Amino acid sequence: MEPVAVTAPVLREIPMGLPADSSAATSARIQARTVLTVLGWPGDQHLAVEVLRVLVDNAVQHARASRAAGQCFGACLSITEAHELLIDVTDPNPTFPAFDKAITGELGRGIWGIVRQGVALTWFARADFAGKTVRAVLRPGQVGL
């Protein structure tokens with residue numbers, strides 16, 4: 001497991017409830033534009049929305065495929081004091097056994113594609129091991145490829 005990225009303290013955050021089905025990525029993408037505007041994040045909003053979509057799509061596909069118990073899917077967008085955008089996507093599967101392969105492109109192109117654009121990506125299990133969170137950190141000057 002990758003260590004959790006060290007970030008500046010969070011100033012503002014907005015959680016997003018998501019359905020536990022194939023419509024989750026679309027729902028996240030639609031909500032994200034409004035949430036990013038409310039948070040006032042000065043970075044590349046198109047990149048942020050795409051990162052969120054990929055992470056939510058992966059969460060739903062892999063957590064459902066693993067038959068993880070429960071239907072705890074969600075996302076939270078946060079702004080830190082350093083104006084970083086934290087994108088946290090939570091699912092009910094407490095493991096991510098192929099994380100290293102996913103970020104190097106050995107298991108597909110979704111996660112690898114966002115890492116290639118300079119997005120810092122980590123994951124961590126919930127304290128009760130009833131799920132995990134995948135975290136993307138985007139910096140305000142970051143521009144997608």
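Here this note's numbering is used: position 114 in the sequence shown is 114, and no number is missing along the way.
Even for Gly, the Cβ is constructed at its ideal location relative to N, Cα and C.
Note that this is a predicted model, so its numbers are computed, not measured.
| With a CB to CB cut of under 7 Å and the five nearest residues on each side skipped, what residues in its chain are close to Glu81? | For the purposes of this step, residue 81 is identified with residue 81 of the sequence shown, where counting begins at 1. Taken in chain order, the residues that qualify are Ala8, Pro9, Leu11.
| said: In whole angstroms, give me the CA-to-CA distance for Leu138 and His62. | reply: Start at 1 with the first residue of the sequence shown, and residue 138 comes out as number 138. Start at 1 with the first residue of the sequence shown, and residue 62 comes out as number 62. Near 23 Å, if we compare the C-alpha coordinates of His62 and Leu138.
| Option nearest Leu77 by Cα separation, candidates Val56, Ile103, Arg109 | As a working note, residue 77 is residue 77 in the sequence shown. Comparing Cα-Cα distances from Leu77 to each of Val56, Ile103, Arg109, the minimum goes to Val56.
| What is the DSSP secondary structure of Val119, reduced to helix, strand or coil? | Taking the first residue of the sequence shown as position 1, residue 119 is located at position 119. DSSP places Val119 in coil when its eight states are reduced to three.
| request: Quick one: grab the DSSP three-state call for Gly40. | output: Walking along the sequence shown from the start, residue 40 turns up at place 40. DSSP places Gly40 in coil when its eight states are reduced to three.
| request: Might you give, ordered along the chain, the residues of its own chain that have their beta carbon closer than 8 Å to the beta carbon of Gly43, omitting 5 neighbours on each side? | output: Reading the sequence shown from its first residue, position 43 is the one you call residue 43. Answer for Gly43: His83, Leu85, Leu138, Arg139, Pro140, Gly141, Gln142, listed in chain order.
| said: Distance check for Ile111 and Ile79, CA to CA, integer angstroms please. | reply: On the sequence shown, position 79 is the one that residue 79 refers to. On the sequence shown, position 111 is the one that residue 111 refers to. Going from the Cα of Ile79 to the Cα of Ile111 covers about 22 Å.
| query | Any idea what DSSP makes of Thr80, helix, strand or coil? | reply | Looking up residue 80 in the sequence shown gives position 80. Strand at Thr80.
| query | Among Arg116, Arg109, Ala102, Phe96, which one has its Cα closest to the Cα of Arg126? | reply | On the sequence shown, position 126 is the one that residue 126 refers to. Looking at the Cα atoms, Phe96 is the closest of the given residues.
| query | Quick one, which of Ile103, Ile87, Thr122, Gly118 has its alpha-carbon nearest Ala28's? | reply | Here residue 28 corresponds to residue number 28 of the sequence shown, with the count starting at 1. For Ala28, the nearest C-alpha among the options comes from Ile87.
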